[in-house]
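Before any comments, here is the structure.
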Amino acid sequence: MTDETMDRPNRFRAEAESRGLPPEEAEEWIRVALPAVYLAEGGDGPLVARAGGDPLLPHGVPKPSDPFVASVDLAALPPGATGLPLPADGHLLFFADTDVRYAEGPVSDAVLYVPAGTPTTPSPLEHSWRKPYRPRELRTVWHQLSPQMPESFALDRWGDLADDEQFELADELDGAWTHVGGYRPPWSLQIGGHPVSPQNDPVHYARDPGEAGSSADGEGAGDWALLATWRYGDDVPELDSGVAHWVIRRRDLAARRFDRAHRYVEMG
Numbered sequence: 001m002t003d004e005t006m007d008r009p010n011r012f013r014a015e016a017e018s019r020g021l022p023p024e025e026a027e028e029w030i031r032v033a034l035p036a037v038y039l040a041e042g043g044d045g046p047l048v049a050r051a052g053g054d055p056l057l058p059h060g061v062p063k064p065s066d067p068f069v070a071s072v073d074l075a076a077l078p079p080g081a082t083g084l085p086l087p088a089d090g091h092l093l094f095f096a097d098t099d100v101r102y103a104e105g106p107v108s109d110a111v112l113y114v115p116a117g118t119p120t121t122p123s124p125l126e127h128s129w130r131k132p133y134r135p136r137e138l139r140t141v142w143h144q145l146s147p148q149m150p151e152s153f154a155l156d157r158w159g160d161l162a163d164d165e166q167f168e169l170a171d172e173l174d175g176a177w178t179h180v181g182g183y184r185p186p187w188s189l190q191i192g193g194h195p196v197s198p199q200n201d202p203v204h205y206a207r208d209p210g211e212a213g214s215s216a217d218g219e220g221a222g223d224w225a226l227l228a229t230w231r232y233g234d235d236v237p238e239l240d241s242g243v244a245h246w247v248i249r250r251r252d253l254a255a256r257r258f259d260r261a262h263r264y265v266e267m268g
């Protein structure tokens, strides 16, 4: 057992008990936590992701309509660390502009999978309104459990009728988890896990019928998962704490239907 699968949950149980939190809710908090990988600049490890600059695209592939964010070498991710049915190798490319359109929803060219061995070439996207994002190499990797945001936990646990006490309990569970080291490390790109969002949960937004940009029929609502989140940082000063999320159904991910991914861009 690793620290993430045994030690931290055990420390969390003890901390939750010391705070008088209901043990059944502490167990639910652990149960719904998901594995995630966090990537950042710095370090001397292998190149896991390349961000900014011009994307490497296969010959003849239509150029995506939005700026290039990052390309992840799937073979460089720790095996099983994301909990997602990702391809074992190849590169996953992400694209997003900086317009704050939280209800954007499905975008067919927001995610592109390039199988291993595919010839590629640098392909400037030539967006006249936006220079390419700053080139950077992501070589620092953390993989750990990712808890739900407290509000998302409360809504999933008690539904739309969750009361103030239940939202407060979710905040207290989050505080206990953070106290035993369950905070996110410094990161630029997150793969898998639960989203961290300054406004709304993009997984909830995609799966709940009746919401703008969400699944029209609610089919497979529980199948939606966070594929990735990017933090714009200083590259986009007009976005305060700006992030882009890419969300997809697990069955579409397993079928390599990245054209069915949803994207949401927001600011703090």
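Number 204 in UniProt numbering belongs to position 204 of the sequence shown; there are no gaps in the numbering.
From the three backbone atoms N, C-alpha and C, an ideal C-beta is built for every residue, glycine too.
Measuring only the C-alpha atoms, how far is residue 66 from residue 96? 5 Å
Near residue 211, what residues of its chain come up, given a Cβ to Cβ distance below 7 Å and the 5 sequence neighbours on each side ignored? Note that residue 211 scores 46 on pLDDT, short of 50, meaning its location in the model is unreliable; the coordinates nonetheless yield the value given after this. Around residue 211: 205.
Could you check how far apart the C-beta atoms of residue 269 and residue 145 are, in whole angstroms? I think they sit under 8 Å. Any property of residue 269 remains undetermined from this structure, which presents the chain solely from 1 to 268.
Quick check: what's the CA-CA separation for residue 10 versus residue 177? 10 Å
Taking only three categories from DSSP, how would you classify residue 75? helix
First through last residue of the alpha helix (DSSP H) which encompasses residue 177: 164 to 179
Determine the direct distance from the alpha carbon of residue 89 to that of residue 122, and round the result to whole angstroms. 20 Å
Tell me whether residue 133 is buried or exposed, calling it buried when 16 or more other Cβ atoms sit within 10 Å of its Cβ. buried
Report buried or exposed for residue 58, applying the criterion of at least 16 other Cβ atoms within 10 angstroms of its Cβ. exposed
Closer than 6 Å by C-beta to residue 275: which residues in its own chain qualify, once you throw out the five before and the five after it? Chain order, please. The structure shown has nothing for residue 275, since the chain only spans 1 to 268.
So the alpha helix (DSSP H) residue 23 belongs to, where does it begin and stop? 23 to 32
With 16 other Cβ atoms within 10 Å as the buried cut-off, status of residue 215: Any reading at residue 215 needs caution, since the residue's pLDDT is 42, under 50, leaving its predicted position unreliable; the model's value is listed next. Buried is the call here.
Note down the Cα distance separating residue 213 from residue 262, rounded to an integer number of angstroms. The predicted position of residue 213 is uncertain, since its pLDDT is 39 and thus under 50; no value can be drawn from it.
Run of the alpha helix (DSSP H) containing residue 243, from where it starts to where it stops: No alpha helix (DSSP H) contains residue 243, which is instead part of the beta strand (DSSP E) from 243 to 249.
Below 7 Å CB to CB, which residues in the same chain sit around residue 257 once its five sequence neighbours on both sides are set aside? none
Over the uninterrupted alpha helix (DSSP H) stretch that includes residue 15, give me the two end residues. 8 to 18
Do residue 265 and residue 99 count as a contact pair if the criterion is CB distance below 8 Å? yes
From 200, 186, 78 and 125, pick the residue whose C-alpha is nearest to that of residue 42; which is it? 186
Using the Cα positions of residue 158 and residue 166, report the straight-line distance between them to the nearest angstrom. 8 Å
Distance between residue 15 and residue 23 (C-alpha atoms, nearest Å): 11 Å
In chain order, what residues of the same chain have a beta carbon less than 8 Å from the beta carbon of residue 104, not counting five sequence neighbours either side? 213, 262, 263, 264 and 265
DSSP state of residue 151, grouped into three classes? helix
Separation of residue 248 from residue 267, as counted between CA atoms: 21 Å
Cβ neighbour criterion (16 or more within 10 Å) applied to residue 226: buried
If you check the beta carbons only, do residue 254 and residue 85 fall under 8 Å apart? yes
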